[in-house]
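2 protein chains.
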Amino acid sequence: MGNPTAAMLVIGDEILSGRTRDSNMHFLAGELTKHGIDLREVRMISDDEVAIIAGVTALSETHDHVFTSGGIGPTHDDITADCIAKAFGAHLDVRDDARAILQAHYDKSGTELNEARLRMARIPDGAALIDNPVSAAPGFTLKNVHVMAGVPSVFEAMVASVLPTLTGGSPLLSQTLRVMRGEGEIAGNLSALAADFSDLSIGCYPFQKDGAFGANVVVRGADGARVDVAVTRLARELDL
Amino acid sequence: MGNPTAAMLVIGDEILSGRTRDSNMHFLAGELTKHGIDLREVRMISDDEVAIIAGVTALSETHDHVFTSGGIGPTHDDITADCIAKAFGAHLDVRDDARAILQAHYDKSGTELNEARLRMARIPDGAALIDNPVSAAPGFTLKNVHVMAGVPSVFEAMVASVLPTLTGGSPLLSQTLRVMRGEGEIAGNLSALAADFSDLSIGCYPFQKDGAFGANVVVRGADGARVDVAVTRLARELDL
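Protein sequences appear in the order of chains E and Z.
All letters in the first sequence, in the order written, are residues 1 to 240 by full-length UniProt numbering.
All letters in the second sequence, in the order written, are residues 1 to 240 by full-length UniProt numbering.
Given below as structure tokens:
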């Protein structure tokens with residue numbers, strides 16, 4: 001299809017322990033789809049140096065973009081910036097541009113820019129800052145890796161800062177046919193349709209409602225006319 | 001810590017496109033934590049043969065258990081069973097035990113066990129069936145990989161079938177201290193605490209409430225007395 005590809009790395013012990021339910025993955029997935037960037041893989045790992053370095057290295061080699069969430073706050077368990085710098089052999093220290101942003105932010109509220117908060121101004125050499133209109137402390141882009149906060153309101157604001165700077169592809173168009181029959185009853189039609197429309201992706205997502213079985217059939221593709229033809233044929237076959 | 005380790009593979013285009021928000025990962029994470037099994041990594045991938053085989057191979061080699069969700073229904077895009085069989089070089093065909101379960105289920109409702117539904121009786125040789133009290137079609141365990149459905153009610157029922165058969169470890173004990181100060185203010189205390197209690201995991205999760213900043217400090221460990229000592233010290237230092 002030629003669209004740019006992406007992967008996501010969700011970083012945080014609290015996700016893997018079940019304490020916190022991640023919402024950033026679902027948000028990013030929807031935004032990338034609208035922007036014509038294909039999210040191919042997501043990995044969720046703990047705040048562990050070896051795991052972060054291995055994850056970001058593997059994903060950045062195999063995708064056009066990698067988005068990370070989590071681990072860039074002021075506390076001792078925030079080690080993402082260090083790991084990304086190590087993964088790319090980049091020098092990491094407090095950078096004047098990031099320090100100025102934090103200084104201005106904390107001056108306004110009369111809060112001290114102490115040593116812990118200054119950790120959030122540690123940005124790898126060569127990285128571009130990602131604007132954070134919520135709580136000031138910036139994210140950054142190093143090579144093809146976009147490093148963002150884990151707090152959902154901040155993550156979402158950072159995605160809004162980054163996405164317009166990336167070249168998108170053709171947004172995938174989709175149509176959904178809601179069928180009140182069990183998957184097993186329409187599977188034959190779907191597999192014949194998939195064979196005849198190999199340029200489209202045809203998914204079937206079952207549900208139960210008031211004790212009856214149904215399925216949402218989703219037909220996706222870059223060419224809206226082809227999607228139309230496929231959905232029309234299926235609707236006719238199923239007498240919808 | 002010596003607890004068994006686990007990874008999860010979430011399979012499905014609809015998750016990566018943002019159409020569906022996965023809930024199985026969060027459910028499994030909580031259940032594994034209660035059972036003393038450490039979830040170390042989660043990967044979310046599409047219904048793609050190469051991605052599924054690579055994912056399950058990598059994760060099964062490096063963890064005691066792998067749990068998969070998605071792709072075991074009756075339609076053409078349900079290819080998980082085929083991929084797991086290929087990954088382990090196991091023969092895959094309709095198995096009599098699985099067919100009998102489906103036959104009994106569909107006989108009860110007067111539904112035909114057609115070719116599509118029979119796909120759900122395709123189980124690799126050597127695999128143990130996982131009971132599905134919701135919709136009959138079984139999951140299976142092959143080697144250290146537990147293959148389960150993506151529909152949350154079915155996934156959750158299968159987890160309940162499998163977990164009691166697995167040896168758990170010591171459940172991680174945790175205590176949470178809610179602190180109504182910014183992370184940046186308590187970061188120094190936390191990092192000193194983490195240094196003195198290297199056997200514990202100390203996480204800090206910021207939040208905003210009514211415009212004020214706060215943080216939940218979570219102290220985790222296998223030894224409840226040590227967790228107590230650490231939390232008591234921190235509470236004293238922060239005048240709580």
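Don't be surprised by glycine CBs; every beta carbon is placed ideally from N, CA and C.
Values in this document were obtained by computation on a predicted structure and should not be read as measured data.
Scanning its chain for C-beta atoms nearer than 6 Å, with the 5 sequence neighbours on each side dropped, one finds around Met148/E the residues Ser69, Gly139, Phe155 and Met158, in chain order.
About 6 Å separates the beta carbon of His26/Z from that of Gly18/E, a gap short enough to meet the 8 Å contact definition. Secondary structure at Met158/Z: helix, using DSSP grouped into helix, strand and coil. Inter-residue distance for Ser60/Z and Lys86/Z is about 14 Å (C-alpha atoms, whole angstroms). Beta-bridge annotation (DSSP): Thr5/E is paired with Asp38/E. Annotated three-state conformation of Ser153/Z is helix, per DSSP. At a cut-off of 7 Å between C-beta atoms, His146/E does not count as an interface residue with respect to chain Z.
In the structure shown, the three-state DSSP call for Phe88/Z is coil. Comparing C-alpha distances from Val42/Z to each of Leu118/Z, Gly36/Z and Ile11/Z shows the shortest one belongs to Ile11/Z. Straight across, the Cα-Cα distance linking Arg119/Z with His76/Z is about 10 Å.
Put simply, the CB of Gly184/E is near chain Z, with a gap under 7 Å to one of its CB atoms. Taking all protein chains shown into account, His91/Z has fewer than 16 neighbouring C-beta atoms within 10 Å of its C-beta and is therefore exposed. Ranked by Cα distance from Asp78/E, the first of Cys204/Z, Asn132/Z and Asn3/Z is Cys204/Z.
Interface flag for Glu41/E against chain Z is set, since a Cβ pair is found closer than 7 Å. Under the three-state reduction of DSSP output, Met120/E falls in the helix class. According to the DSSP assignment, Arg226/E belongs to the alpha helix (DSSP H) that extends over Gly224 to Glu237. A check of alpha carbon separations from Thr5/Z across Lys209/Z, Thr33/Z and Ser135/Z identifies Thr33/Z as the nearest.
Residue state for Ile130/Z is assigned as strand, using DSSP reduced to three classes. For the options Gly2/Z, Phe213/Z and Pro124/Z, the alpha carbon positioned closest to that of Asp93/Z is the one of Pro124/Z.
Taking a cut-off of 8 Å for Cβ pairs, the stretch 173 to 192 of chain Z and the stretch 213 to 230 of chain Z touch, as three or more such pairs fall below it. Taking the Cα of Leu163/Z as reference, the smallest distance to any Cα among Asp228/Z, Ala29/Z and Arg226/Z is reached at Ala29/Z.
The beta carbon of Thr176/Z is closer than 6 Å to those of Asn216 and Val218 in its chain, skipping five residues each way along the sequence.
Annotation: Ala192/Z to Arg226/Z spans about 15 Å, alpha carbon to alpha carbon. In the displayed model, Ala212/E falls within a strand according to three-state DSSP. Assigned with DSSP and collapsed to three states, His65/Z falls in strand. Not flagged as an interface residue toward chain E: Glu49/Z, since no C-beta distance is shorter than 7 Å. In chain order, Ala157 place their CB closer than 7 Å to the CB of Pro133/E, counting only its own chain and leaving out the 5 sequence neighbours on each side.
The three-state reading of DSSP puts Thr176/E in strand, counting E and B together. No Cβ-Cβ contact shorter than 7 Å links Ser46/Z with Pro152/Z.
Ile130/Z and Gly71/Z have their C-alpha atoms some 15 Å from each other. Using a Cβ-Cβ cut-off of 7 Å, Leu190/E is close to Thr75 and His76 of chain Z, given in chain order.
For Ile101/Z and Asp107/Z, the gap between their C-alpha atoms comes out near 10 Å.
Closest in C-alpha terms to Asp38/Z, from the list Asn3/Z, Ser174/Z, Ile53/Z and Phe67/Z, comes Asn3/Z. Rounded to whole angstroms, the gap between the alpha carbons of Leu240/E and Arg95/Z is 35 Å. Annotated as distal: Ala128/E and Val66/E, with beta-carbon spacing of 7 Å or more.
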